[in-house]
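Just below is one structure, and these are the notes that go with it.
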Amino acid sequence: MRSKDLITLEETSRGELRELLEVARELDSGLHEQPLSGKTVCLAFFEPSTRTSSSFELAAKRAGADVVSLSGGGSSMSKGESVIDTVVTLDRLGADALVVRHPSVGTAALAARHTTASVINAGDGAGQHPTQALLDLHALSGAVGGFDELEGRRVAIVGDILHSRVARSVIPAFQAAGMELCLVSPPTLLPCEAWGLPVLSSVDEAVGWGADVLYALRLQNERMDGEVPAVPSVAEYAAFYGINRRHLRPGVLVMHPGPVNRGMEVSGDVVLSEQSLVPDQVGAGMSVRSAVLTLATGARQGVVA
Ligand code: NCD
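Start counting the sequence shown at 915; every next residue gets the next number (the working numbering).
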């Protein structure tokens, strides 16, 4: 990693991705014992989370770190303390890494300016979610036979791209790994810039385009304001943007960062099917997050190719 912090994957290089996934693979195979021994990792989650917070916690503990967990309601932020004051407090308590999730874009970057600890962005509003994209790459590399096998694969990113921090990290990371992308989204849930990528209007079209991977995103209802719903109805959304059995041509893989709205984004019988990587994505989280914490805190020096 180029810096002590992991805030965004917008400028990430193929070499950095390869290095990180290599360390994750080494951790998977038990090569580095407790690389974070003697380090303190603080988890500061100010937005709900199941898999990200528990996987960071397990990742840090298994790698030997001491772990302190804060949550919005259980910290002095509920008494009005600012993000900066909270970060400075954790810094002076000796945190080596702060893992930050917050509903506002830019919070992790702000935190990083006020501490010498490594700051890992675990999701900032509709900004970035870098470790999600890294674990996705790790799970996908495992499924296709290695990082180099990702090159040239076609991936359709499907759903609520407008509000998705996952999409904003996955798009640059998957492109850096050499994959070809298209977007599949209702016009109301597509950002205007659309990264210059082809935009298709249904999962059927994405299958026709030759997608090897269908990557579904959750509808981020909590980030939609205004009274006019972004999608007319669940049934209509599912008809065009829901992934179901008929899309599973041989070899096509399905991904979703979770939590899944079954029947809407992905049909219930596909979520845990043999062509779904959803459980593997969760499983990849621990080693990838241990690798991120290990490299960011300097517990293992990395060499970027
Ligand atoms: C994502 C998140 O919170 O950004 N989930 C996750 O981290 N596994 C995606 C989502 O909530 O839609």
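Every residue, glycine too, gets a C-beta built ideally from N, C-alpha and C.
These figures come from a predicted structure and were not determined experimentally.
* To do: Kindly indicate which three-state DSSP category residue 954 falls into: helix, strand or coil?
  => Working through the sequence shown from its first residue, we reach residue 954 at position 40. Three-state result, residue 954: strand.
* Every unbroken alpha helix (DSSP H) inside the stretch 1045 to 1090 [4 residues or more] -> 1079 to 1090
* Asked: Going along the chain, which residues of its own chain have a beta-carbon closer than 6 Å to the beta-carbon of residue 1053, five neighbours each way excluded?
  -> For the purposes of this step, residue 1053 is identified with residue 139 of the sequence shown, where counting begins at 1. Closer than 6 Å at Cβ, skipping near neighbours: 1191, 1194, 1195, 1198.
* To do: List in chain order: all unbroken beta strand (DSSP E) runs of 3+ residues lying wholly within the stretch 1003 to 1042.
  => 1011 to 1016, 1032 to 1038
* Asked: What do you reckon, are the CB atoms on residue 1044 and residue 923 nearer than 7 Å?
  -> Translated into positions along the sequence shown, residue 1044 becomes position 130. Translated into positions along the sequence shown, residue 923 becomes position 9. Yes, they are a contact pair.
* Just checking my contact of residue 1120 with residue 1098 at CB under 8 Å: how many whole Å lie between their CB atoms? -> Taking the first residue of the sequence shown as 1, we reach residue 1120 at position 206. Taking the first residue of the sequence shown as 1, we reach residue 1098 at position 184. About 5 Å separates the two Cβ atoms, so the contact holds.
* Asked: Is the closest heavy atom of the ligand NCD to the C-beta of residue 1042 under 6 Å?
  -> Here residue 1042 is taken as the residue at index 128 of the sequence shown, counted from 1. Incorrect: residue 1042 has no Cβ contact closer than 6 Å to the ligand NCD.
* Can you find a C-beta in chain D that's less than 7 Å from the C-beta of residue 958? -> Given the protein chain composition of this structure (a single chain), no chain D is represented.
* Asked: Should the stretch 1107 to 1116 be regarded as contacting the stretch 987 to 994, the criterion being three or more beta carbon pairs within less than 8 Å?
  -> no
* Expressed to the nearest angstrom, what Euclidean distance is found between the alpha-carbon atoms of residue 1096 and residue 1003? -> Taking the sequence shown and counting its residues from 1, the one referred to as residue 1096 is at position 182. Taking the sequence shown and counting its residues from 1, the one referred to as residue 1003 is at position 89. So the alpha carbons of these two residues sit roughly 44 Å apart.
* Which term fits residue 1075, buried or exposed, when burial requires 16 or more other beta carbons within 10 angstroms of its beta carbon? -> Taking the first residue of the sequence shown as 1, we reach residue 1075 at position 161. It is buried - the Cβ of residue 1075 has at least 16 other Cβ atoms within 10 Å.
* **residue 1091 versus residue 1150 - alpha carbon distance** => Position 177 of the sequence shown, counted from the first residue, corresponds to residue 1091. Position 236 of the sequence shown, counted from the first residue, corresponds to residue 1150. Looking at the two C-alpha atoms, the distance is approximately 34 Å.
* Asked: Hey, would you say residue 1031 sits closer than 7 Å to residue 1014, going by beta carbons?
  -> In the sequence shown, residue 1031 corresponds to position 117, counting from 1. In the sequence shown, residue 1014 corresponds to position 100, counting from 1. Cβ atoms of residue 1031 and residue 1014: not closer than 7 Å.
* Asked: Quick one: what does DSSP say residue 921 is sitting in, helix, strand or coil?
  -> By one-based count along the sequence shown, residue 921 stands at place 7. DSSP places residue 921 in coil when its eight states are reduced to three.
* **Close beta carbons around residue 1214, own chain, < 6 Å, minus the five adjacent residues each side** => Here residue 1214 refers to the residue found at position 300 of the sequence shown. Counting only Cβ-Cβ distances below 6 Å, and skipping sequence neighbours, we find 949, 1208.
* Asked: How about the stretch 1176 to 1185 and the stretch 950 to 957: do they share at least three Cβ pairs that are nearer than 8 Å?
  -> no
* By DSSP, does residue 1191 sit in helix, in strand, or in coil? -> As a first step, residue 1191 must be located in the sequence shown, where it is residue number 277. Coil.
* **residue 1211 to residue 1010 span [Cα, whole Å]** => Against the sequence shown, residue 1211 aligns to sequence position 297. Against the sequence shown, residue 1010 aligns to sequence position 96. Between residue 1211 and residue 1010, the C-alpha separation is close to 7 Å.
* **Cβ shell of residue 1176 (< 7 Å), same chain only, five flanking positions each side left out** => Here the question's residue 1176 lines up with position 262 in the sequence shown. Excluding positions up to five away in sequence, the list reads 1182, 1185.
* What is the rounded straight-line gap between the Cα of residue 1102 and the Cα of residue 1152? -> As a first step, residue 1102 must be located in the sequence shown, where it is residue number 188. As a first step, residue 1152 must be located in the sequence shown, where it is residue number 238. Roughly 15 Å separates the two Cα atoms.
* To do: Pick out the complete alpha helix (DSSP H) segments inside the stretch 1101 to 1178, 4 residues or longer, and give them in chain order.
  => 1117 to 1123, 1148 to 1155
* To do: From the DSSP output, in three-state form, read off residue 1217 for me.
  => To locate residue 1217, count along the sequence shown from 1; it is residue 303. Residue confidence for residue 1217 is low, a pLDDT of 42 falling below 50, so the modelled location carries little weight and cannot support an answer.
* To do: Name the residue from 1201, 1163, 1205, 1202 whose alpha carbon lies nearest to the alpha carbon of residue 1187.
  => The count along the sequence shown starts at 1 and reaches residue 1187 at position 273. Ranking 1201, 1163, 1205, 1202 by Cα distance to residue 1187 puts 1163 first.
* Going by C-alpha distance, which of 1059, 1123, 1039, 1079 is nearest residue 1068? -> The residue given as residue 1068 occupies position 154 in the sequence shown. For residue 1068, the nearest C-alpha among the options comes from 1123.
* Smallest Cα separation from residue 972: which of 957, 1059, 930? -> On the sequence shown, residue 972 is found 58 positions in, with the first residue counted as 1. Answer by Cα proximity: 957.
* Note down the Cα distance separating residue 917 from residue 1034, rounded to an integer number of angstroms. => Walking along the sequence shown from the start, residue 917 turns up at place 3. Walking along the sequence shown from the start, residue 1034 turns up at place 120. The straight-line gap from Cα to Cα measures roughly 11 Å.
* Taking the DSSP output, what are the residues bridged to residue 1094? -> To locate residue 1094, count along the sequence shown from 1; it is residue 180. In the DSSP output, where bridge partners are listed per residue, residue 1094 has 1068.
* Asked: Can you round the beta-carbon distance between residue 1139 and residue 1165 to whole angstroms, since I take them to be within the 8 Å contact cut?
  -> By 1-based counting over the sequence shown, the position of residue 1139 is 225. By 1-based counting over the sequence shown, the position of residue 1165 is 251. About 40 Å; that fails the 8 Å criterion.
* To do: Could you spell out the range, first to last residue, of the beta strand (DSSP E) harbouring residue 983?
  => Start at 1 with the first residue of the sequence shown, and residue 983 comes out as number 69. Note, residue 983: beta strand (DSSP E), 980 to 985.
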